[in-house]
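Novice: Keeping their order, the protein sequence lines are chains A and B. Following our numbering, the numbering of the first sequence begins with 9 at its first residue and continues without gaps. Following our numbering, the numbering of the second sequence begins with 2 at its first residue and continues without gaps. Starting off with a structure, shown below.
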Amino acid sequence: MRIQQHRNALVARIGRINGVTQVILLCIGIAYWYVQIAEGANYRTMADNNRLRKLSTQASRGLILDRFQRPLVENVPSYSLFIDRSRSAGDEGLRFAARVLSTPIEELEELLASHRRTPKFQPIRLGSQLSLTQVARISALNLEYPELEISVEHLRLYRHAGQTAHLLGYLGEISEQELDAWGGTYRRGDQVGKKGIEALYESTLRGQRGEQIVVVESRGQVVEELEQVQARPGNDLTLTIDLELQQTAAQQLEGRVGSIVALDPRNGDILAMASSPAFDSNLFARRLRHEEWQQLVSDPNHPLQNRSIQNTYPPGSIFKIVMALAGLDTGKITAQEPRVFCPGYSTIYKNRYRCWRAGGHGWVNLETSLRYSCNVFYHALGQELDIDQIAHYARMFGLGQKTGVDLDGEKAGLVPGSQWSLKARGTPWYAGETISVATGQGPILVTPLQIAVMMAATANQGYLVSPHLTLGEHRLEAGPTPPQRLPLQAEHLKLVREALWSTVNHPEGTGRAVRIEGLDVAGKTGTAQVVAQAVRTGNDQLAPEHRDHAWFASYAPAEDPRLVVVVFVEHGGGGSSAAAPLAKAMYEKFFDTDLAHRAAS
Amino acid sequence: MRSFSTPISRIAPRPDDPSLLRRLSNVNWAPLAAAWLLSCIGLATVHSASAELATSYLPRQIVFVLLGSAVLAVVFSFDYHALVDMAPVFYLGSLFLLVLVLFIGHEAGGARSWLSFGPFGGQPSELAKPATALILVRYLAGIYRRHLTLREITTAIALVAVPMILIALERDLGSAAMFLPMLAALLLVAGVQSRQLVVAAILGLLFAAGMWSFAMKDYQKTRIVSFLAPDKDPLGAGYQVRQSKIAVGSGQMLGRGYGQGTQSQLRFLPQRHTDFVMAVLAEEWGFVGALVVLGLYAAYVTGAASIAMRSRDRTGILLVVALVAFTAFHAIYNTAMVVGLLPITGIPLPFISYGGSFTTISFISTGLILNVDYRRYVNR
């Protein structure tokens, strides 16, 4: 009985406490009523004209410089027009903006429609790079159209437009996926690197946004600054590129489709890397029009592609350098033996394989086979080696795998083998294909940059360098790996280097077009067939898209190489006529001062 | 005589009991319904409040709510007396951890209150709250008088004071203060006399004065000063109250619309997805939205109170009171702080604010409240 009494006391107390709690909640409800209904209109006005505003200040993006600190891209201030939709009374302001910007109103309406889910009070950029006249016309009507705001933004200016386009890449408005991926660093509408160095080194180049707390009046004009966190500018980035050499490369490729790569064989610094046709990075700095983008992507020559690393081609006769070293290392050939007679073709496995010279080269050995680029010698060597042995040496030189250069979108290419054939094609490897691969034709694909790395290893006593584009502290975390010594004998490399020297310096060598007075250039021409033909006709009679690709891979000076130049011309024809002269211009530019000195003394 | 709170009540319901469904239907589910509705509102608001941040907190909060609901089911499944019997173990264990944290804890947010073991980390003070609640329930449940004696009150206070002082030594005063509403509710229900209340009020004032002059940090003092006079310091501590009130007020009757609150979306509001989530809600859904939330808390408390009133023993009554006092205090303090009725402190809003451990704890305590209701017929 007493227990029941105690229980009743407890229950009564709980009832009271619950009652008190409900009253407290009711009081809080009344407080909300007071703030939201009784005083609501006042607070609404305060929110709309919130005197304190947090503004964010743009951080200036780091510059990109060449190896001699010459700027490749800069920031220039530019006027942009924004619309604050929460202030617009009708579409009069938008119409006015369209007139001033001379943009069709439909295009602006479409832009706003794409921002339907963006909160109304967030300004949307209608146009950038406004002229002073446009700024004046809009500012004059500021009272009529308070929704239109003009602000200064930094715009990327690529000084050398197309000449550096594939290296530097471009910026673009941040996408939803990038917003998620980058965490809280960015906001909608921010510009981020989309391609090339701008994309890969985004975190180095971008700065850190600053913040300002300011007092504003009702029209949004800043009256007083209360607090400021300075924006931190991005870091400048120094490239290995030599601007003048890069410009020469781009000029040489004008009107052609192809690529030129120049690198320092001692350390892998890329001094020039050009691809043609190019595009103008500055087009992307403002909003790219739909037609402009369509034009870029529908161009049959794909100007957006960086041919130095993103396209793969058969190496043609350039591959004979790898073959020669494979033959020497496996002991199948020596400097003198064998001597092969070239009648202009070989008959192997009942098939006829042609040499490029219909009349034949007569008796050839290792040196003359490289000098004259005789196919028959390598057809014979191809019979001695199997495809997996050849692939072993090709991979040793970095073919068939990414070089790891600090650019996006690099392709690995293809070095075939018997396993690859079974896996990728489902058919066994045919011995006849080895004969094609021995002269760099058939299913073997490389990028111009890979060929440059291979040439550097041949030139620098057998060290495989990792090519890279940046110098100094801001290069990617891992940085280039130190050059790797290839397991090849020095004397074998020497034999091949001597043959490459004679290719350029012998009066009948295929690379004689590059001969430069006072400079020892060594190199190898290459011609990659686009269509296999039973009977070769001259390239002049072929349709342009069926013409051969022209290669020239070289280095200089022969004794102490400081520069590797690889030229590739798509559908250019023969390597000695279409590619070699371009390399000559590169050497003349690079050794310009050296040669002038020698002439003087 | 001592029939309630004896081992006989530990008969667990058998799962094959034919009346299981009927007994489940006799449980007062109002607190759970309110908790889930509040959680749904919370998810929508957290999503809107983190829209401007690059990482949305929504997916993680969904996980927390689901996890909390799962733990609720577990907590519901065993007899709450088992938990109360274990109270000394929990209590001593959490005291041990609190002492340990003084030596090997590390700092986060100005308080040295974190312990970590490899990848696992946590604040022992979070653990100490339920452990202290359980030991108090166990102690007070064993007293069968209409009113408590002074000695019993002192013992109860001492039980709470030990962990409170340890937590205060970690410089985590906010967490230390969380013990007081629970203690007050338990003592009021267990029975204190009015003259004892007067003495307690005087002692409390003296204690507050002592804290002000000896224990409080400058930033804590400025918070209180800026609460009393917010316009003195518009960019400092007063900034938050001011911006929060503007956010709430500008919502007016129907709100600015989901995702359209200027105060929230333009980042005028601090801690939008945690402590000030109510301001975001009130701005975007207006007075109507705020009333719905307050009404759901009222329903939660009333439901829990009715469970306490029909609970079969003193242990059940006091357990429910301790648990609901904890949740209700958070709800009241947070909603009042957001409209400027109380000084700003880091007290989250149950079921609505983003946060893993707090959401889980709120669901656990809801599960225990339902547990008490489910087992009220056990000895029939």
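Ideal Cβ positions, reconstructed from N, Cα and C, are used throughout, including at glycine.
Let me know the secondary structure DSSP gives proline 451 (chain A) once reduced to three states.
Specialist: In the three-state scheme derived from DSSP, where H, G and I count as helix and E and B as strand, proline 451 (chain A) is classed as coil.
Novice: Indicate whether the contact test is met: 3 or more Cβ pairs, each with one atom in the stretch 183-200 of chain B and one in the stretch 134-145 of chain B, closer than 8 Å.
Specialist: Inter-segment contact for the stretch 183-200 of chain B and the stretch 134-145 of chain B is present: three or more beta-carbon pairs are separated by less than 8 Å.
Novice: Ignore the nearest five residues each way along the sequence and tell me which others in alanine 326 (chain B)'s own chain have a CB closer than 8 Å to its CB.
Specialist: Pro182, Met183, Ala185, Ala186, Leu187
Novice: Among B:Glu284, B:Gln197, B:Leu101, which one has its Cα closest to the Cα of proline 154 (chain B)?
Specialist: Looking at the sequence shown, residue 154 (chain B) is not proline but isoleucine. Of the candidates B:Glu284, B:Gln197, B:Leu101, B:Gln197 places its Cα closest to the Cα of isoleucine 154 (chain B).
Novice: Using a Cβ-Cβ distance under 8 Å, would phenylalanine 364 (chain B) count as near chain A?
Specialist: no
Novice: Touching or not, the stretch 74-84 of chain A and the stretch 236-254 of chain A, by the rule of three or more beta carbon pairs under 8 Å?
Specialist: When C-beta atoms of the stretch 74-84 of chain A are compared with those of the stretch 236-254 of chain A, three or more pairs fall below 8 Å, so the two segments count as touching.
Novice: Which residues of the stretch 185-207 of chain B have a Cβ closer than 8 Å to any Cβ of chain A? Give them in chain order.
Specialist: When C-beta distances to chain A are compared with 8 Å, the residues of the stretch 185-207 of chain B below that value are Ala186, Leu189, Val190, Ala191, Gly192, in chain order.
Novice: Count the other C-beta atoms from every protein chain shown that fall within 10 angstroms of the C-beta of glycine 614 (chain A), then say buried if there are 16 or more, exposed otherwise.
Specialist: The structure shown does not extend to residue 614 (chain A), since chain A is modelled only from 9 to 609, so the question has no answer here.
Novice: Around the C-beta of threonine 328 (chain B), are 16 or more other C-beta atoms found within 10 angstroms, so that it is buried, or is it exposed?
Specialist: Around the Cβ of threonine 328 (chain B), a 10 Å sphere holds 16 or more other Cβ atoms; the residue is buried.
Novice: For proline 85 (chain A), which three-state DSSP category applies?
Specialist: strand
Novice: What are the complete alpha helix (DSSP H) segments, minimum 4 residues, inside the stretch 279-337 of chain A?
Specialist: Listed in chain order, the complete alpha helix (DSSP H) runs (minimum 4 residues) inside the stretch 279-337 of chain A are 290-293, 298-306, 328-337.
Novice: In this structure, does DSSP put glutamate 127 (chain B) in helix, strand or coil?
Specialist: helix
Novice: Distance, Cα to Cα, tyrosine 92 (chain B) vs valine 278 (chain B)?
Specialist: 33 Å
Novice: Helix, strand or coil for asparagine 359 (chain A), going by three-state DSSP, please let me know.
Specialist: Note: asparagine 359 (chain A) maps to strand in three-state DSSP.
Novice: What three-state label does DSSP hand lysine 532 (chain A) in the structure shown?
Specialist: Lysine 532 (chain A): strand per DSSP, three-state reduction.
Novice: Helix, strand or coil, according to DSSP, for valine 28 (chain B) in the structure here?
Specialist: The answer is coil: DSSP assigns valine 28 (chain B) none of H, G, I, E or B.
Novice: Quick one: what does DSSP say serine 251 (chain B) is sitting in, helix, strand or coil?
Specialist: helix
Novice: Tell me the rounded alpha-carbon separation between threonine 338 (chain A) and tyrosine 471 (chain A).
Specialist: 19 Å
Novice: Tyrosine 170 (chain A) by DSSP, collapsed to three states: which one?
Specialist: According to the sequence shown, residue 170 (chain A) is glycine rather than tyrosine. Helix.
Novice: When you compare only the Cα positions, how much space is there between alanine 588 (chain A) and alanine 530 (chain A)?
Specialist: 11 Å
Novice: If you draw a straight line from the C-alpha of serine 96 (chain A) to the C-alpha of serine 110 (chain A), how long is it?
Specialist: C-alpha separation (whole angstroms): 20 Å.
Novice: Would you say valine 237 (chain A) reaches chain B, if we count a Cβ-Cβ gap shorter than 8 Å as a contact?
Specialist: no
Novice: Looking at the secondary structure, which residues open and close the alpha helix (DSSP H) in which serine 183 (chain A) lies?
Specialist: Here serine 183 (chain A) belongs to no alpha helix (DSSP H), and DSSP marks it neither H nor E.
Novice: What residues from chain A crowd round glycine 250 (chain B), counting only those whose CB sits closer than 8 Å?
Specialist: Val43, Gln44, Glu47, Gly48, Asn50, Tyr51, Arg52, Met54, Ala55
Novice: Would you kindly work out how many angstroms separate the C-alpha atoms of valine 538 (chain A) and tryptophan 364 (chain A), rounded to a whole number?
Specialist: 14 Å
Novice: Which residue's Cα is closest to the Cα of isoleucine 132 (chain A): A:Leu138, A:Asp56, A:Arg124?
Specialist: A:Arg124
Novice: Taking only beta-carbon atoms, is isoleucine 42 (chain B) less than 8 Å away from chain D?
Specialist: Here chain D cannot be found, since the structure's protein chains are A and B.
Novice: For glycine 135 (chain A), write down the residues that DSSP places opposite it in a beta bridge.
Specialist: A:Leu89
Novice: Taking the beta carbon of valine 237 (chain A) as the centre, do at least 16 other beta carbons fall within 10 Å, making it buried, or is it exposed?
Specialist: exposed
Novice: So, helix, strand or coil for valine 190 (chain B), using DSSP?
Specialist: helix
Novice: Select from the stretch 134-162 of chain B all residues with a C-beta closer than 8 Å to any C-beta belonging to chain A, and list them in chain order.
Specialist: Tyr145, Arg146, Arg147
Novice: Answer with yes or no whether the minimum CB distance from valine 19 (chain A) to chain B is below 8 Å.
Specialist: yes
Novice: Give the residues of chain B in contact with tyrosine 3 (chain A), contact being defined as C-beta atoms less than 8 Å apart.
Specialist: A query on residue 3 (chain A) cannot be resolved here, the shown segment of chain A reaching from 9 to 609 and no further.
Novice: Counting beta carbon pairs with one atom in the stretch 97-106 of chain A and one in the stretch 174-187 of chain A, are three or more of them shorter than 8 Å?
Specialist: no
Novice: Terminal residues of the continuous alpha helix (DSSP H) containing tyrosine 81 (chain B)?
Specialist: That run of the alpha helix (DSSP H) goes 81-86.
Novice: For serine 265 (chain B), does the count of other Cβ atoms within 10 angstroms reach 16, so buried, or fall short, so exposed?
Specialist: Serine 265 (chain B) should be labelled buried.
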